Amino acid sequence: DAGVTQSPTHLIKTRGQQVTLRCSPKSGHDTVSWYQQALGQGPQFIFQYYEEEERQRGNFPDRFSGHQFPNYSSELNVNALLLGDSALYLCASSLPNTVGTGELFFGEGSRLTVL
Amino acid sequence: TQLLEQSPQFLSIQEGENLTVYCNSSSVFSSLQWYRQEPGEGPVLLVTVVTGGEVKKLKRLTFQFGDARKDSSLHITAAQPGDTGLYLCAGAPSGSARQLTFGSGTQLTVLP
Chain A
31 DAGVTQSPTH LIKTRGQQVT LRCSPKSGHD TVSWYQQALG QGPQFIFQYY EEEERQRGNF
91 PDRFSGHQFP NYSSELNVNA LLLGDSALYL CASSLPNTVG TGELFFGEGS RLTVL
Chain B
799 TQLLEQSPQF LSIQEGENLT VYCNSSSVFS SLQWYRQEPG EGPVLLVTVV TGGEVKKLKR
859 LTFQFGDARK DSSLHITAAQ PGDTGLYLCA GAPSGSARQL TFGSGTQLTV LP
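This is how it looks when you write it as structure tokens:
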């Protein structure tokens, strides 16, 4: 049973560029959440997708956008990259409406470095 | 914005010692979870506590949810090098089933 898979694992971009990160949820899960984890910090909620729609959003600018596909996989897009966007981006999958009571399954993350 | 503060931020102890990690907030959470994260990996769920005053044990780990559901603690007995990692508490805000608020984490190092 495959867990949550993310790609790429590492990438380097320069300021102003755009990046797309990808996530495939755990088998049987249809809800995908994205988190940003800066070095030495806990993850911060970016947004959650369910039924191909953004259901809730954290305190992140519009430069951060996402998409969910019919097969439940998801993409995170970040435009006009800033140095401060350097972080580990984590994807987590779950069953709907179980966040906080059920388990979030996290991928290993995509490490983004912005130069 | 509901914040979770964890203390201590860093903890380095010898194998066999006991330790407690704290997670505090001024806000009420409908539930609270503890995760452990190792380098190069995503967080892995250890426990979920839902009821105020609830205590759960997982082998040498004891988790407690405060009576008012604003705070939690993790106690490890006889720590082992395999316990090394980043321990994160995460709360589900009341009324929101869709996002978790994470604490800043406690980096635990257990020396052999």
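Order-wise, the sequence lines are chains A and B. 103 is the number that the working numbering gives to position 73 of the first sequence; each next residue is one higher, with no gaps. 855 is the number that the working numbering gives to position 57 of the second sequence; each next residue is one higher, with no gaps. Glycine included, each C-beta is placed from N, C-alpha and C at the ideal position. A quick note: this is a predicted structure, and the numbers were derived from the prediction, not measured.
- Membership of proline 891 of chain B in the beta strand (DSSP E) is indicated by the continuous run 883 to 891.
- Look at leucine 906 of chain B here: in three-state DSSP terms it is strand.
- Judged by DSSP secondary structure, leucine 872 of chain B falls within the beta strand (DSSP E) whose first and last residues are 869 to 874.
- Look at the stretch 834 to 855 of chain B: the residues with a C-beta under 9 Å from a C-beta of chain A are Gln835, Gly838, Glu839, Gly840, Pro841, Val842, Leu843, Thr846 and Val848.
- Contact between leucine 142 of chain A and alanine 117 of chain A is confirmed by a C-beta separation of about 6 Å, below the 8 Å threshold.
- Judged by pairs of C-beta atoms under 8 Å, the stretch 64 to 82 of chain A touches the stretch 95 to 114 of chain A, as three or more such pairs exist.
- For a Cβ distance threshold of 9 Å, residue set Ser63, Tyr65, Pro73, Phe75, Ala122, Val129, Gly130 and Leu134 of chain A lies close to leucine 898 of chain B, ordered along the chain.
- For glutamate 81 of chain A, there are no neighbours in chain B by C-beta distance under 8 Å, as the nearest C-beta there is about 13 Å away.
- Judged by beta-carbon spacing, glutamate 138 of chain A lies within the 8 Å limit of glutamine 36 of chain A, meaning their Cβ atoms are closer than that value.
- For serine 902 of chain B, the chain A residues whose C-beta falls within less than 9 Å of its own C-beta are Gly70, Gln71 and Gly72, listed in chain order.
- Using a CB distance cut-off of 8 Å, leucine 801 of chain B does not count as an interface residue toward chain A.
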